[in-house]
Amino acid sequence: MALLVPGTTCWRVVRADRLSMIQDAGPCFSYMADAIEAARRSVFILGWDVDSRTVLRPDKIDDADRLLLPLLRRCLERRPELEIFVLSWDFSFIYSFEREPAPRRQFGAAHPRLHFALDADHGSGGSHHQKLLVVDDAVGFVGGIDLTHHRWDEPSHAVMDPRRLDGDGKPYGPFHEVEVAVSGPAAAALGELARTRWNTRRRRRTPPVRPGSSAIWPANLTVDVSDLDVGFARTLTRPGIPGIREIEATTVAAIASARRSIYVENQYLTSRVAVRALGDRLVSQEGPDVVVVLPLSESGWMEQSSMGLLRQEALSALRAADRHGRLRLLAPVVRAANDNHPIAVHSKVLVVDDHVAKIGSANLSNRSMGLDSECDVIVEARDPAGAAFVASVRDRLLAEHWGVSPRHFAASLKEAGSLCRVIDHFAKTPGPRGLVVLPETCDAPVDLTLLDGAMVDPPEPWNADLLLKRAIPLSLRRRLARRWLRPLMLAAAVIAIWAALRAFGPGGGQLRSIVGAGAAWIAARPGGSVAAVGAIALGGAIFIPITVLIASALAVFGFWPGIAIAWVGATLGAVISHAFGRRLGPRALAWLPDRSLVGLRRFLGRRAFWAVVLARLLPVGNFGLLNLMAGAAGVPRRPFVLGNLVGLLPGLLGMGVFANRALEAVRNPTPRNVMVAVLLVAVAVGIAIVAKRRFDRGVANGAA
0 MALLVPGTTC WRVVRADRLS MIQDAGPCFS YMADAIEAAR RSVFILGWDV DSRTVLRPDK
60 IDDADRLLLP LLRRCLERRP ELEIFVLSWD FSFIYSFERE PAPRRQFGAA HPRLHFALDA
120 DHGSGGSHHQ KLLVVDDAVG FVGGIDLTHH RWDEPSHAVM DPRRLDGDGK PYGPFHEVEV
180 AVSGPAAAAL GELARTRWNT RRRRRTPPVR PGSSAIWPAN LTVDVSDLDV GFARTLTRPG
240 IPGIREIEAT TVAAIASARR SIYVENQYLT SRVAVRALGD RLVSQEGPDV VVVLPLSESG
300 WMEQSSMGLL RQEALSALRA ADRHGRLRLL APVVRAANDN HPIAVHSKVL VVDDHVAKIG
360 SANLSNRSMG LDSECDVIVE ARDPAGAAFV ASVRDRLLAE HWGVSPRHFA ASLKEAGSLC
420 RVIDHFAKTP GPRGLVVLPE TCDAPVDLTL LDGAMVDPPE PWNADLLLKR AIPLSLRRRL
480 ARRWLRPLML AAAVIAIWAA LRAFGPGGGQ LRSIVGAGAA WIAARPGGSV AAVGAIALGG
540 AIFIPITVLI ASALAVFGFW PGIAIAWVGA TLGAVISHAF GRRLGPRALA WLPDRSLVGL
600 RRFLGRRAFW AVVLARLLPV GNFGLLNLMA GAAGVPRRPF VLGNLVGLLP GLLGMGVFAN
660 RALEAVRNPT PRNVMVAVLL VAVAVGIAIV AKRRFDRGVA NGAA
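Mapping to numbering that gives the first Met the number 0: the sequence shown position 696 is 695, numbers consecutive.
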């Protein structure tokens, strides 16, 4: 039964006139530069990160031979018909300090026929992760390599290489990558895919696909196989279209088809679907050997505290499923001075038997299986030439990790008769290169895998349903759905608050005196009011709930001047968030949940002043987040400020009344005072819910 089924496990199956696997970014960058220099009509560069300062040929002296942007500019000056399109992810501000400053300015000002755009056309919380280079629709490169810093290395992976420098000129360690080059109809298909990504919501449309001459194939790039059918599989989520999960389908089907061996080489291993599929094969008594090559540890404390912890869970599950001793979990190292130096693994490879080889941009992570935009090339062996190529992918990569020739490794594998046995054989033979066993624990300084990893490795776009599924067990969600738990929890909270206040007894008066004295001291200071305004403004700007800040001001300063202080502070905080949103622009909206984006569209669907007034009156989202979104979406400052001044005042007056009654309940916690405070809250919440439903219904009717 065929693995590649267009529309299910792949996008399409096309013929590659030539195909080569390229190990590591050093050789690949050189081949890419050769292909770009031969371009006559079009060059498409797509990536998670594209940096104009990328060093393609570190041994060259002239910048036009060494660096990406000077090379592109020289090619454009030589070829009057050439157009170049560069599409990079419109990255989250989390990566601002790691990326090139103002990439749009760097590329956009370089040449009139060099077109640059930042891509944010993906699901909420996702990224544009496809890595493609297509030249004249005749030669295409697809894999895990971005044209950016911290990628370049040679297959020798020397511990110290003076050419291996990051964007700041600092050395970094050995780095391993894998890429595939194709020509013919396969390259034309990649050209079509690149145009689809570019033309989505872009004003500058691309020229149609026109396959050029195969003579632009890099002269020094050895062809591994000719006239071979290949499949391209994608992951893609985009608002308004059904999600595409071809890579996930291919991964599961390929693992299920394994009979003798599964070889995985990847940056991450956190995908629940992939781990479950591998576990099923390990449990089977007649299942295949499973060899997984990953980095020794994740890069940096943040990844260790997020993807590293998720990886640890996945590896523990695989170890538990390995009932027959057919699992090897390994990391590549270079040995020098009696020490193991880890090689960073950034490749994304899956090889099953001598039957299937998958290479591309997709990690074995939840987000690569269902959220980020991805592209993989799959070779399904249908003849001896295809089977030989698939086997060579596994053999060449493992030979590189062990520091031996591919022919020697292939002969050793044939003699051992098992992938695990040949791995064990090489492990007993120390040398300058090798694979070491992955540690069973992850040394993470903190745990960032809240909501079961939904924030760092989501399997689908961020939305309220996803977060609810990860935050609350299914059985509890069902009880919540029946709505009997909520009133019971509210009643229990009221009783607990009343009991706690009563339990203060004689000591309660002393505690209340201390709190009251502290509040009075703050209120009496000459700069107390100004400091309070600044604290509310700053707190609101960094997403601290505005109700907490207002309630604190009312508790310290009383109804007056607490109302004025909260009013000015909240408005100032809104202005700060709005200004920051305007500075960030559309990138501030790329990572927001679908629910917030829908709210933003409604927000902008009305006149700005009244939209802001309604947003302040109704509980439609986080105060600071809405202000940031309004600025990023271009809401004018004047109606925004006026709308806040008008919209905040009714709520402040209502909170003032409630705070007065709440303080009275604290000072004199009789059942009557506590119940009055609770009743005020219930009335306020009821009014807000009714008003919000009417608002939503009006927006829906208007949209219809």
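Each residue gets a CB set at the ideal place from its N, CA and C atoms; glycine is no exception.
Does the beta-carbon of VAL365 have 16 or more other beta-carbons within 10 angstroms, so that it is buried, or is it exposed? Before going on, a small fix: residue 365 reads as Asn here, not Val. That one is buried.
Quick check on the DSSP output: the beta strand (DSSP E) that includes CYS374 runs from which residue to which? 373-379
Residue from THR448, LEU235, PHE231, THR147 whose Cα sits closest to the Cα of LEU66: THR147
What is the residue span of the beta strand (DSSP E) that TRP151 lies within? Here TRP151 belongs to no beta strand (DSSP E), and DSSP marks it neither H nor E.
Is it the case that the Cβ atoms of THR234 and GLU379 are separated by a distance below 8 angstroms? no
Using the Cβ count rule (16 or more neighbours within 10 Å means buried), how would you classify MET723? Past the edges of the chain, shown from 0 to 703, lies residue 723, and the structure says nothing about it.
Grab me the residues of GLY604's own chain with a C-beta within less than 6 angstroms of its C-beta, minus the 5 sequence neighbours each way, in chain order. Its pLDDT being 44, under 50, GLY604 is placed unreliably in this model, and the coordinates cannot settle the point.
By the three-class DSSP mapping on this structure, what secondary structure does LEU447 have? coil
Could you pull out every residue in the same chain whose Cβ sits closer than 6 angstroms to the Cβ of PRO154, ignoring the five residues on either side in sequence? GLN22, ASP23, GLU399
Going by the CB atoms, is the gap between VAL436 and LEU328 shorter than 8 angstroms? yes
So is ARG718 buried or exposed if we call it buried at 16+ other beta carbons inside 10 Å? Absent from the structure is residue 718, since the part of the chain shown begins at 0 and ends at 703.
Whole-angstrom Cβ separation of ALA330 and THR7, contact assumed at under 8 angstroms? Between THR7 and ALA330 the Cβ distance is about 34 angstroms, and since that is not below 8 angstroms, they are no contact.
Counting C-beta neighbours from all protein chains within 10 Å, is the total for PRO505 16 or more, i.e. buried, or is it exposed? Its pLDDT being 43, under 50, PRO505 is placed unreliably in this model, and the value from its coordinates should be taken loosely. PRO505 is exposed by the Cβ-count criterion.
Which whole-angstrom value describes the C-beta separation of VAL134 and PHE106, a residue pair presumed to lie in contact below a C-beta threshold of 8 angstroms? Not confirmed; about 17 angstroms, so no contact.
Take ASP50 as the anchor and find which of PRO5, ALA563, GLY385, GLY166 has the nearest alpha-carbon. GLY166
Can you look up TYR262 in the DSSP assignment and give me helix, strand or coil? strand
Residue interval of the beta strand (DSSP E) (run including PRO331): 326-335
Between the segment 311-325 and the segment 262-282, do three or more beta carbon pairs fall short of 8 angstroms? yes
Starting from VAL138, follow its DSSP beta bridges and name the residues at the other end. VAL134, SER182
From the DSSP secondary-structure annotation, give me the bridge partner or partners of ILE21. GLU178
Pairing CB atoms from the segment 398-416 with CB atoms from the segment 438-449, are three or more of them under 8 angstroms? no
Where does HIS577 fall in DSSP's three states? helix
Provide the residue(s) that pair with SER41 in DSSP beta bridges, ordered along the chain. GLU82
Among ILE342, GLY572, CYS419, nearest to ASP152 - alpha-carbon criterion: ILE342
Hey, could you find the ends of the alpha helix (DSSP H) ILE254 is sitting in? 245-256
Using CA coordinates, which residue listed in ASP223, LEU75, GLY124, SER126 is at the minimum distance from PRO111? LEU75
Where does ASN626 fall in DSSP's three states? helix
VAL229 vs ILE358 beta-carbon contact at 8 angstroms: no
Close Cβ partners of ARG310 (< 8 angstroms) along its chain, the five nearest in sequence each way excluded: TYR267, LEU268, THR269, LEU293, GLU297, CYS441
Classify ILE60 as buried or exposed, calling it buried when 16 or more other Cβ atoms lie within 10 Å of its own Cβ. exposed
Beta-bridge pairing of CYS9 - partner residues as DSSP gives them: PRO5
Measure the CB-CB distance between LEU55 and VAL224 and report whether it falls below 8 angstroms. no
Helix, strand or coil, according to DSSP, for VAL344 in the structure here? strand
Express the C-alpha separation of ILE377 and ALA180 in angstroms, rounding to a whole number. 12 angstroms
ASP16 to PRO184, Cα distance in whole Å? 7 angstroms
Which residues does DSSP list as the beta-bridge partners of PRO170? LEU164
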